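Working notes, beginning with the structure itself.
There are 2 protein chains.
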Amino acid sequence: MIIPAVAGVIALLFVAYLSWDILRKNPGNEKMVQISKLVQEGAKAFLRREYTYVSIFVIVIAGLIAIAPMISDVQLGWKTSIAFVIGSVVSALAGYIGMSIATRANSRTAQGAIDEGLKGALSIAVSGGAVMGMSVVGLALLGLVIVYVVFQGDPTIVNGYAMGASLVALFARSGGGIFTKGADMGADLVGKVEANIPEDDPRNPAVIADNVGDNVGDVAGLGADLLESYVESMIASIAIAAGLGIATLQLLPLQIASAGIVASIIGVLYVKMAARNNPQKALMTGTYISAILTAVATFLIVKYNGVEFTDESGTTYGVLGPFWATLAGVISGIIVGLTSEYYTSSDYKPVRKLAEESQSGPALTVTGGISLGMASTAIPVIVLVIAVLVSVKFAGIYGVAMAAFGMLATTGMVVSVDSYGPIADNAGGIAEMAQLDPSVRKITDNLDAVGNTTAAIGKGFAIGSAAFAAMGLLVAYMHSVELEAADIKDPYVLVGLILGGMLPYFFSSMLFQAVSKAAFQMIEEVRRQFREIKGLMEGKALPDSARCVDISTKGAINGMLVPGVMAILAPVLVGLILGKAALAGLLVGSLVSGLVLGIQMANSGGAMDNAKKYIEEGHFGGKGSETHKAAVIGDTVGDPLKDTVGPSINILIKLMSVISLVLAPLFK
Amino acid sequence: MIIPAVAGVIALLFVAYLSWDILRKNPGNEKMVQISKLVQEGAKAFLRREYTYVSIFVIVIAGLIAIAPMISDVQLGWKTSIAFVIGSVVSALAGYIGMSIATRANSRTAQGAIDEGLKGALSIAVSGGAVMGMSVVGLALLGLVIVYVVFQGDPTIVNGYAMGASLVALFARSGGGIFTKGADMGADLVGKVEANIPEDDPRNPAVIADNVGDNVGDVAGLGADLLESYVESMIASIAIAAGLGIATLQLLPLQIASAGIVASIIGVLYVKMAARNNPQKALMTGTYISAILTAVATFLIVKYNGVEFTDESGTTYGVLGPFWATLAGVISGIIVGLTSEYYTSSDYKPVRKLAEESQSGPALTVTGGISLGMASTAIPVIVLVIAVLVSVKFAGIYGVAMAAFGMLATTGMVVSVDSYGPIADNAGGIAEMAQLDPSVRKITDNLDAVGNTTAAIGKGFAIGSAAFAAMGLLVAYMHSVELEAADIKDPYVLVGLILGGMLPYFFSSMLFQAVSKAAFQMIEEVRRQFREIKGLMEGKALPDSARCVDISTKGAINGMLVPGVMAILAPVLVGLILGKAALAGLLVGSLVSGLVLGIQMANSGGAMDNAKKYIEEGHFGGKGSETHKAAVIGDTVGDPLKDTVGPSINILIKLMSVISLVLAPLFK
C-alpha cells in the first residue's frame, strides 16, 4: 500500500511543478489577460454552480446510505457513505485543479507561440493538460488507498468510493457537454450564419461562453469521465479478486497503477522536450512510450508478484495470465482509437467521401455522417469482443477487469494529451479576440488539429475501458447479490435487457433537448445584444459575455438534473420492482445498446466536423460554397453528438453498474 | 386443420372478388391509363429482377439444407428444403398479386374521385389495399396448413417455411426501401430544390420511379414483412407448444388465425360501406371492429378448445391463459401504434414543437427529429415489457408467442389499411401528372394524410409483433439446440450480446449507403435529362422515365445483396465459431439494440415528414420560407430512416432468429 500512496504523491508533486512552471510564464498583453480572466471567471462560476447541485445529490444519497441499516435490514451504512463522499470530493477536486490551470494556460500558450513559436506553445499547452491528467490519477489513486486502508479493503465499502466518482462524472460530462454545445451552437448559428462574422470574433457575445465550454466540457468533463473509469476498473478487479479470495490479485491493479503514473510522467516530459516541428509525432511517441513502459512494468509486476489461481468454474490460470489480459486491453484500446481516427480524420477515405457527398446538399451530409458512424461500430466491437475472449482465456473474469485496467493504467498520459486540445483551442480564440498576429493563430490551429487526432486514441480508451469496466462491475454485482446466473430466456432478464437497451436512447433525447434549449436561449440573447447594444457590430462597444456564460450555466444545470436523476433511479427502481435478475439484464442491455450508440455518435460527429474542415481547406468549392454550407449544417448536427450525448452514454452505463453494485445489499 | 384451410380459401376468394371489383372500374382517361401503365411496368420490372436474385438465394440455401445430411451428421434435409421453398414462394406470390392490383387501382382511385368523390376513391383504394392484405393472410395460412399436414407437424421441418417467408421479406423490405427512397430523394433533390418544379410534376423523369417505389416499398415490402411476422409468430407458438408436448396448444394459433381472417374481411367491408365524409373514422372503426371481433373469437376458441397446462418450470396455467396473453398482445400493439401516432402526427405537441424548432435552421430540425425519435422509444418499450410480463404470468413462454400472434391475427386488416395509403398517394401523383382538376388531388391528399395516421397502428403492430416473435423464436431455438440457459455473465453469451447489438448498426449503415448511392445516380440522371432532352422543361417533350426506373431497380438490387448476405451469414458464423450460447446472445443483442433503433428511426422520420407538412399548411412562415427549407432538409434525412432502414431492422432481427432456429441441428 505504500507504493501506490507514494505514486499518488509523486503525481501530485508533478502537478505542483507543472502549475508553477505554467504560472511563471508570461500571460500575454493586457487584452489577452483580460480575455483569459473572463474565461477563468466563467469556468469558475459554472463549476461553483455545478458543484452546489452535485453536493445536494451527494449529501442526500450519502444520508440515505448511512441511515439504510437503521430503517431496514439492508447492509449499507455510514462507512460506505464516507467512501462515497471521498470519491465525489476527489473527482470534484481534480476537476477544479485541472480547470483552474487550464484556463490560465490558454493566454500563456498564445504568448508562448509569440515568444518561442510552436515549441513554446506546445510545451505550455501540454503542461496545462498534464495538470488535469496527473491530478486525475494522483488524487484517484491516493483517495482509493486511503479508503482501502481505512476500511481494510472491505469491497462493499470501497465500492462506494467508485460511486462517488461516478456521480460527479455524470454531472460533469452531461452538464459540461450541454454548456459547451449550447454555447457553441448559439455562437455559430447567429455569429457565422446570421451576422456573417468569423468564428471567435470578439464582437460575438457568446464567444467567451464557447471558450469556457471547451474547458468545462473537454477538460473537466473528460477528466471526470476517465477518473471514474480508472477507479471503477480498479474496484472491479479488487472486487472480483476478493470474490476469489486471493489477496495478491487485489493488489496487482494498485501496483500497475503506480507504474502507470511514473510512465505517464515520463511520457509528458518526453513530449515537452521532444516537441520541435512535428507536434503530432511528439504526442504519439509520448503516448506510446507511456504505454510500452507500463506494459513492461506490468509484465515484471505480474511475474514477480502474481500467483497461479483457480476461479469458481475450476479453471486454473497461470501466473502471467493477468499480464496477457492487460496487454489485450492495451492493444484493443489502441486499435479502437486508431479506428476512430480512420473514420474521423480527413486523411482517410470515409471523411473525404462524406465531404464529397455534401455536394448533394445537407441532407446527404447528415445521412452520410450517421451512416459513417454506424459503419464505424463494427471494428471496435469485434476488437473488444476478441479482447474479452483473450482476457477470459488467460485470467477468467478477473482478466476482463484487468483488460480494462490495462487501458487505464496510462490515464495520466491519455488525459494530458486529451486536455491539451481545448487549451490550444482556447489559445486560438484568444489570439483571434486579442487580434494577435495571424501566425499565432496558425500555430494554435496546428496544435488544435493535432489534438483532434491524438484525442481519438483517448476516446478509444474511454469507450473500451467503459465497456470492460461495466462487464467487470456486472460480474461483481451478480456476485454481491448472490445471483448465480441470469438466463437470457428468463422473462425477467429479457425484460431487463430490453428496458436497458432503451435507456441510452431516452437519456440521449433528454440531453439533446437540453442542448437545443440552451442553444435556443443563447441565440435569442446574442440576437438581442446585436440589436440592443449600440456600436457592438462596429467594434466600439463590448458585448455582455457574462450574461451568455450565465445562460449556458443555467441551461447546463437545468438540463443535467433530470437525466441525472433518471440514471440514478432507473437501476434502483428496476432492482426493487422487477428484481435482481432483471437488474442484471438492465445493466447488460444498456451496455449492448449504449456501447454502439456512443461509438456511432462520437464518430458521426467527429467525421462531420472534419469533413467541414476538409472543405474549408479548399476542397469541393471551399469556404462559402454550397458544399461548405451543407457541411456546416452537418457539423452543427454532429457537435452535440460527439461532445454532449455520445460521451455521456458511457457514464450512464458505468454509473448504473456501480450504483447496482453499491446498492447490492438492497436487492439481495 | 380443415378450419384454417377453409379460412385461407375464403381469404383468397375475397381477393378474387376485390380484384374483379377493382378491374371493372373505369381506369380513367388515356393519359391516366398511360401513366398507370408506366407504373405497372416499372413495378413488374423491379419485381422480376428482385425475384430472380432472390431465387438464386433460395435455390442455393435449399440445396445446402437438402444435402446437409449427406455430407455431415446435421439433421436437416430435403423436407426442410421443400418447406423453405414453399415459404418463399408464398411470400413472393402474395407480393406479386398485391402489387399487380395496387398498380391498377391507382388510376381507378383518381377516376373514382372524379366520379363519386371521396367515397368512391376511398372504396377503390381500400379494396386495392385489401387485395394485398388478404393475399398475405390467405396464402400464408394455406401454405402453412399444407406444410403442416404434409410433414405431420414436425417443427424442424415446418420452421423452414418461416425461413422462406423471412428471406423474401428481407429482400422485399430492404430492396423496396432502397428503390423507393433512392427515387424519392433523387426526384425531390433535383425537381423541388434545383429545378423548382412542384412535386409529381410530369416533367420530372424520376416521378414515375417514385410512384413505382411507393408500391414496391410500402405495398410489397410491408406485405412481406407482416407475412413473415404472421408466419413466425404461429411457428413460434407451435414450436413452443410442441416442446411442451400439448397438441391442442399447437392448433390454437391456426384457429385464431382463421377467426382473424373472417374478422378482417368484415372490417374491410365495413370501411368500404361506411366511408362518407370522414375516412379516418371509417378506417379506425374498421380496424377496431376487426380487433374486437378477433378478441371475442379468441376468447371463445380458447375457452372451448383450450386446456390447462404445465410448463417446464412446473407452473400450471389456466385454460384461459392464452387468451389473456393474446389480449395483452393486442392492447400493447394498439398502444404502441397510438404512441407512434402521438409522436409523428402534427395534431400533437412533439411534431409542432419540431416545426417550431425548424425556425432556427435545419441543424436543429435534424437534431430535434432524432431526439424526438429517441424519446419516443420509452413508452413502446415499457408497454411491450408489461405485455411480456402479463403474458408470461398467464401462459408462460407460450404466452409470449401468443401475444405476438394476438397482434397479428388481424394482419389482413392491418395490411389492407396500410397498403391503401400508397395507392391513394399514387392516385394523387396521377392526378398531378394527368393535370386533373385540383379537387381530385385534394381528395387524394386527404386520403393520403389519413393513411399516414392509420398506418401508425400498423407500424406499432409490426414492431411489437416482431419483438414478440423474436422472443418466441429465441426460446424455440434454445430448446432446439438443447441449451438449458444462457447466462449473461458467461463471456460467450456476453460477447454474443455485444456483437448482436452492433449488427443493426452495421446493417443500417449499408442500407443508408445504398440509398445515398441510388439517390446520387438518380440525381445525375435527372440532371442529365433536364440538360439533354430538348423541350422537356417547356413540357413539349417527354422524360425518359423508364431509364430512371431502371436506375432505381439496379440500385435496389445491388444495395440489398450485401446486407442480405450479412444477415444470413452472421448467425451461422457466430453459431459455428463461438457456439450456440454466443448465438443465443447474438439474437437477444440484436433485438435489444435493433428494437429501439427501429422505433427511433421510424418515428424520427415520420415526425420530420409531418413537421414539413405542418409548415406547408401555413405555420411558421409556410411554404417557401426559411423554416420550410429547413423542414424539407429534415424530411429528406428522415425519409430513408422511416421507409428503408427502420423497417428493415425488424426483418434483420426476425430473419436471424428464424435462421438460427432452422439451422439448430447445425449448432447442437
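Line order of the protein sequences matches chains A and B.
Sequential numbering of the first sequence, starting at 1323, is according to the working numbering.
Sequential numbering of the second sequence, starting at 1323, is according to the working numbering.
Here a beta-carbon is modelled for each residue, glycine too, at the ideal position from N, C-alpha and C.
Just so it is clear, the structure is predicted and the values come from calculations on it, not from any experiment.
Hey, would you say residue i sits closer than 8 angstroms to residue j, going by beta carbons?
i: residue 1499(B); j: residue 1454(B); result: no
i: residue 1459(B); j: residue 1552(B); result: yes
i: residue 1929(A); j: residue 1570(A); result: no
i: residue 1823(B); j: residue 1915(B); result: yes
i: residue 1877(B); j: residue 1818(B); result: no
i: residue 1752(A); j: residue 1428(A); result: yes
i: residue 1741(A); j: residue 1534(A); result: no
Let me know the secondary structure DSSP gives residue i once reduced to three states.
i: residue 1473(B); result: coil
i: residue 1670(B); result: coil
i: residue 1809(A); result: strand
i: residue 1699(B); result: coil
i: residue 1732(A); result: coil
i: residue 1637(B); result: coil
Residue i CB to nearest chain A CB: under 8 angstroms?
i: residue 1827(B); result: yes
i: residue 1699(B); result: yes
i: residue 1949(B); result: no
i: residue 1588(B); result: no
i: residue 1679(B); result: yes
i: residue 1962(B); result: yes
i: residue 1650(B); result: no
i: residue 1657(B); result: no
i: residue 1807(B); result: yes
Under a CB-based cut-off of 8 angstroms, is residue i close to chain B?
i: residue 1714(A); result: yes
i: residue 1690(A); result: yes
i: residue 2000(A); result: The structure shown does not extend to residue 2000(A), since chain A is modelled only from 1323 through 1990, so no value can be given for it.
i: residue 1683(A); result: yes
i: residue 1843(A); result: no
i: residue 1834(A); result: yes
i: residue 1911(A); result: yes
i: residue 1449(A); result: no
i: residue 1955(A); result: yes
i: residue 1636(A); result: no
i: residue 1915(A); result: yes
i: residue 1584(A); result: no
i: residue 1527(A); result: no
i: residue 1811(A); result: yes
Can you tell me whether residue i is buried or exposed, with buried defined as 16 or more other CB within 10 angstroms of its CB?
i: residue 1663(B); result: buried
i: residue 2009(A); result: Because chain A spans 1323 through 1990 in this model, residue 2009(A) falls outside it and cannot be assessed.
i: residue 1520(A); result: exposed
i: residue 1392(B); result: exposed
i: residue 1776(B); result: buried
i: residue 1847(A); result: buried
i: residue 1763(B); result: buried
i: residue 1781(A); result: buried
i: residue 1490(A); result: buried
i: residue 1378(A); result: exposed
i: residue 1861(A); result: exposed
i: residue 1477(A); result: buried
i: residue 1957(A); result: buried
Could you check whether the Cβ of residue i sits closer than 8 angstroms to any Cβ belonging to chain D?
i: residue 1965(A); result: The structure shown contains no chain D; its protein chains are A and B.
Contiguous alpha helix (DSSP H) assignments of at least 4 residues, all confined to the stretch 1544–1618 of chain B: 1544–1566, 1569–1596
Minimum length 4: unbroken alpha helix (DSSP H) runs contained in the stretch 1862–1891 of chain B: none
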